Amino acid sequence: MLAALVSVGGLRLSNEEKFWLEKNNPAGVTLFARNIENAEQLRALTDEIRSAAGRENILIAVDQEGGRVRRLSGGDFHPAASGYVLGQLDEEMSAVHAEIISDDLRRAGINFNMAPVLDTAYPFTHPVLKSRCFGDNAGKNALLGKKMINAYIGAGICPCMKHLPGHGRATTDPHLGLPVVSAGLRELAADFYPFAENNASLAGMTAHIVVSAVDDKLPVTMSKKAIDYLVRGVIGFDGLLVSDSIDMNALAGGIGERAAAVVAAGCDLACYCGGKTAELEAVAAYCPQISLRTEERLQAVYEVFKNRPRALAAERVDRYYRAVGLIKEYDEQYDATEVLNRMNKQIGR
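As numbered in the working numbering, residues -5 to 343 make up the sequence shown, in order.
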């Protein structure tokens, strides 16, 4: 099995993509807005992916945080609040939030959600992230994250907390450049705290940031030193570690070289999001097969898929929408994915 989460180009698989999935057997596929039109089409696509891969348990992932980071949108899917809104509500609303999203994901054939965001927000946190954070209280962030993680697992969806070891102090958008965090480890303890409190989670995503106190050259995603010392050590996370998107301009090198580098650094899976056939071939050429330890971590994730959720309780759903409706959404229009897409078109990627 290829140590990668890959992506595809459109609403249905092309013949080339079907052949690639059958031949290369990646750990999973991540879906984006370009892959989603409505519930019926999305279910057909996820069925195609499972058929092409020949595995029912292939990871089919999405970023369905809530707020503006919501790949499933429109009338077929539930609206969902941002982390910023949830951070102002009681902890039970985080659980209901995960239950509502899980209902959409399960019906669509998706089993892995890139959420929750456990980064701690600061006044200077970049807009790419700020509205997605619960807030500036690390203790509350940890508690809301735990509630959300447990609710996803109970509903048969594996959550993937992000961005380890903490992205909140970054002032550069990693889609566009490499953020450098110069704070010392004692100061960074607050950033680590929500992740350490949830270190038994089954999956987590790395941050494309340089933590100068540990490695002043490489971003955590590509730094064996930072992953070993911070993610696996200080935070104590031993679950499936997925890289943030290797497409981002925070990382250097070709797509294949990036995929190889993040796995060599200690990520279990390299996450490629561009959906381009030539780049898929590069990922296949450079990315290794999963390790025995990664296989063990994946087996723990697969167990989550067996869970059967309780039916959504109308009273809980009504309370959620009443609660989130009372909070004014964070006024922020920054769409980093679109910024990156425009840049990639300009440079011909």
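Where a beta carbon is used, it is the ideal one built from N, C-alpha and C, also for glycine. Source: prediction; values computed, not measured.
Bridge pairing for P20: L(-4) [DSSP].
Within its own chain, the residues whose Cβ lies closer than 6 Å to the Cβ of M142, once the five positions on either side in sequence are excluded, are S88, A92, P110, listed in chain order. When L182, C281, L234, D167 are compared, the shortest CA-CA separation from N243 is found for D167. In the three-state reduction of the DSSP assignment, V175 falls in the strand class. For the 8 Å CB-CB criterion, C281 and S1 do not form a contact.
Contact check for L53 against N105 passes: the beta carbons are separated by less than 8 Å. With respect to the 8 Å criterion, A149 and P303 are classified as neighbours on the basis of their beta carbons. Taking every protein chain shown into account, the CB of P73 has fewer than 16 other CB atoms within 10 angstroms, so this residue is exposed. When secondary structure is reduced to three states using DSSP, N9 falls in the helix class. In terms of CA proximity to G139, G81 leads the group A317, G81, F13. For I95 and T271, the gap between their C-alpha atoms comes out near 30 Å.
One thing to note: I221 has its Cβ within 8 Å of the Cβ of G260. By the Cβ neighbour-count rule, S8 is exposed, with fewer than 16 other Cβ atoms within 10 Å of its own. Here DSSP, grouped into helix, strand and coil, assigns K134 to helix. Per DSSP, the continuous alpha helix (DSSP H) segment holding K124 begins and ends at 121 to 124.
Annotation for S237: T200, T215, V256, C261, A264, C265 place their beta carbon closer than 6 Å to its own, counting only its chain and skipping 5 residues before and after. Excluding residues up to 5 positions away in sequence, K124, C127, G129, D130, G162 lie with their Cβ nearer than 7 Å to the Cβ of A115 in the same chain.
Counting other Cβ atoms within 10 Å of its Cβ, S195 reaches 16 or more and is therefore classed as buried. Counting the other CB atoms within 10 Å of its CB gives G233 a total of 16 or more, which places it among the buried residues.
According to the DSSP assignment, L36 belongs to the alpha helix (DSSP H) that extends over 33 to 47. Here the stretch 57 to 71 does not lie against the stretch 303 to 312, with fewer than 3 beta-carbon pairs under 8 Å apart.
By the criterion of a C-beta distance shorter than 6 Å, V318 is surrounded in its chain by A75, V79, once the five residues flanking it on both sides are discounted. In the displayed model, A258 falls within a helix according to three-state DSSP. One Cα belongs to S206, the other to A190, and the distance between them is close to 20 Å.
Using a 10 angstroms sphere on the CB of P188, the tally of other CB atoms reaches 16 or more, which defines it as buried.
Comparing alpha carbon positions, the residue from L(-1), E85, G69 closest to R313 is E85.
Q58 sits buried, since 16 or more C-beta atoms from the chains shown fall within 10 Å of its C-beta.
Y146 is not a Cβ neighbour of N192, given a cutoff of 8 Å. Cβ neighbours of A177 within its own chain (closer than 7 Å, five residues either side excluded): R163. Spanning the alpha carbons of F231 and R37 requires a straight line of approximately 33 Å. In the three-state reduction of the DSSP assignment, V90 falls in the helix class. Apart from sequence neighbours up to five positions away, the residues of its chain that approach L182 with a beta-carbon distance below 8 Å are P159, G160, R163, V175, V205, A207, ordered along the chain. Bounds of the alpha helix (DSSP H) holding T288 are 286 to 298.
Residue I249 holds the alpha-carbon nearest to the alpha-carbon of V277 among G269, I249, N301, G77.
Taking the C-beta atoms as reference points, R100 is found nearer than 8 Å to I151.
For V277, the three-state secondary structure derived from DSSP is helix.
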